[in-house]
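Notes follow once the structure below has been shown.
Residue numbers (the working numbering): 55 to 216.
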């Protein structure tokens with residue numbers, strides 16, 4: 055039966071089965087929407103990092119072989135991105151060395167763009183929101199194309215293929 059003819063319940067059951075299989079394969083670690091977990095997995099796989107034991111660690115998501123700690127932020131975007139799609143989720147700690155910023159295409163989760171950005175650059179370009187007591191940034195060209203940013207798009211695309 056085509057996906058368009060499935061009931062809402064059937065669609066959600068299929069989604070739950072997909073998440074369960076992705077968890078079994080260790081691609082995702084939670085029942086949340088898979089973008090964040092998938093991006094963490096891709097970055098760890100592409101850069102040889104180790105995911106944090108506890109996926110609720112607020113300071114970082116993985117550690118590189120060099121010992122550098124990474125905070126991964128991912129967004130699912132349309133092409134072109136719609137207003138608000140480039141804003142990261144909250145940064146509640148600056149206790150990491152690099153941020154891996156990952157943009158995924160909304161139709162197939164293909165990596166559109168990804169960059170490693172030093173924490174001081176991310177913090178410099180962040181905006182504080184008192185109501186959430188956290189900072190956020192926009193994953194725009196100014197940030198991801200910064201002179202100190204490293205483009206990791208090709209590495210993440212290769213990790214997705216393998």
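Ideal Cβ positions, reconstructed from N, Cα and C, are used throughout, including at glycine.
Contact check, residue i vs residue j, beta carbons under 8 Å
i	j	result
residue 124	residue 157	no
residue 210	residue 165	yes
residue 159	residue 207	no
residue 189	residue 195	no
residue 170	residue 203	yes
residue 212	residue 98	no
Own chain, CB closer than 7 Å to residue i, minus 5 neighbours either side, in chain order
i	result
residue 112	146 and 147
residue 173	148, 150, 151, 152 and 153
Identity of the residues DSSP links to residue i by a beta bridge
i	result
residue 98	Paired residue(s): none; residue 98 is not in a bridge.
residue 153	125 and 171
residue 117	104 and 123
Extent of the continuous beta strand (DSSP E) run through residue i
i	result
residue 126	123 to 131
residue 181	181 to 183
residue 171	165 to 172
residue 188	188 to 190
Residue i - containing alpha helix (DSSP H), residue span
i	result
residue 195	195 to 198
residue 65	62 to 78
residue 207	207 to 215
Within-8 Å CB hit, residue i to chain B
i	result
residue 85	In the displayed structure, chain B is absent; only one protein chain is listed.
Integer-rounded CB distance, given that residue j should sit under 8 Å from residue i
i	j	result
residue 105	residue 94	6 Å
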